[in-house]
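Take a look at the structure set out below.
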Amino acid sequence: MRRVHDMLDQMMEKAFMGSLPMASSEGGIVPLDVYQTDEHVIVKATMPGVKPDDIEVSISNNTLSIRGEIEEEHEKEGQRYHIRERRFGGFSRAITLPSKVDAEKASAEFENGELTLTLPKVEEEKPKAISVKVKK
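As structure tokens, this is what we get:
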């Protein structure tokens, strides 16, 4: 009977919470805040329960990718969950950045379950004026 109850809970979770960031117990996406200053693109990602060593960040063709894994905690002997909402498993998120950035000079900090990426912007090429000479 407990198994049927757990299956129903999982189905309800997928039906009503699966579209929310990081709501699925099988993993999910990473909620982000992205903003710009004159010199940087700043990305803040909320990842409670994630260890810094389990996070992979990459930038390719102006696309930022964040991936990782949260290990599942298994029930211990004599322990039965009443509610189990914390997520586990793989997660990922990929976004197009609002400006071109220099990935080689990027920095990342992780504190209290929040990843902060500071991505220096690449100086955009300024239009070059070409003088037109009239042939006589």
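Going by our numbering, the sequence shown opens with residue 58, and the numbers climb by one from there.
Using N, Cα and C, we set each Cβ at its ideal position, and we do this for glycine too.
Just so it is clear, the structure is predicted and the values come from calculations on it, not from any experiment.
Same chain only: Cβ atoms within 6 Å of residue i, ignoring 5 sequence neighbours per side
| i | result |
| --- | --- |
| GLU129 | PHE145 |
| PRO109 | PHE167 |
Which residues DSSP lists as bridging residue i, in chain order
| i | result |
| --- | --- |
| GLY147 | GLU126 |
| ASP159 | Answer by DSSP bridge pairing: none, since ASP159 is not bridged. |
| GLN93 | VAL98 |
| GLU171 | THR103 and GLU168 |
| ILE116 | LEU121 |
| LEU154 | In the DSSP output, where bridge partners are listed per residue, LEU154 has none listed. |
DSSP state of residue i mapped onto helix, strand, coil
| i | result |
| --- | --- |
| ALA186 | coil |
| SER76 | Confidence in SER76 is poor, its pLDDT being 40 and thus under 50, which makes the residue's placement unreliable; the coordinate value appears in the next sentence. In this structure, SER76 counts as coil in the three-state DSSP scheme. |
| PRO109 | helix |
| LYS192 | coil |
Beta carbon of residue i nearer than 8 Å to that of residue j
| i | j | result |
| --- | --- | --- |
| VAL114 | LYS178 | no |
| ILE112 | LEU172 | yes |
Residue i, buried or exposed, once every other Cβ within 10 Å from all chains shown has been counted against 16
| i | result |
| --- | --- |
| VAL191 | exposed |
| MET79 | Its pLDDT being 39, under 50, MET79 is placed unreliably by the model, and the measurement read from it follows with that caveat. Per the 10 Å Cβ criterion, buried. |
| VAL100 | buried |
| ARG150 | buried |
| GLY125 | buried |
| VAL189 | exposed |
| ALA186 | exposed |
Sequence-distant residues of the same chain with beta carbon closer than 7 Å to residue i, five excluded per side
| i | result |
| --- | --- |
| PRO105 | GLY170 |
| GLU83 | Residue placement at GLU83 is poorly supported in this model, since its pLDDT is 42, which falls under 50; the coordinates are not used for a value here. |
| GLU134 | none |
Own chain residues within Cβ distance below 8 Å of residue i, not counting five before or after
| i | result |
| --- | --- |
| ILE116 | SER122, LEU154, VAL158, ALA160, ALA163 and LEU176 |
| GLN93 | ILE99, PRO155, SER156 and LYS178 |
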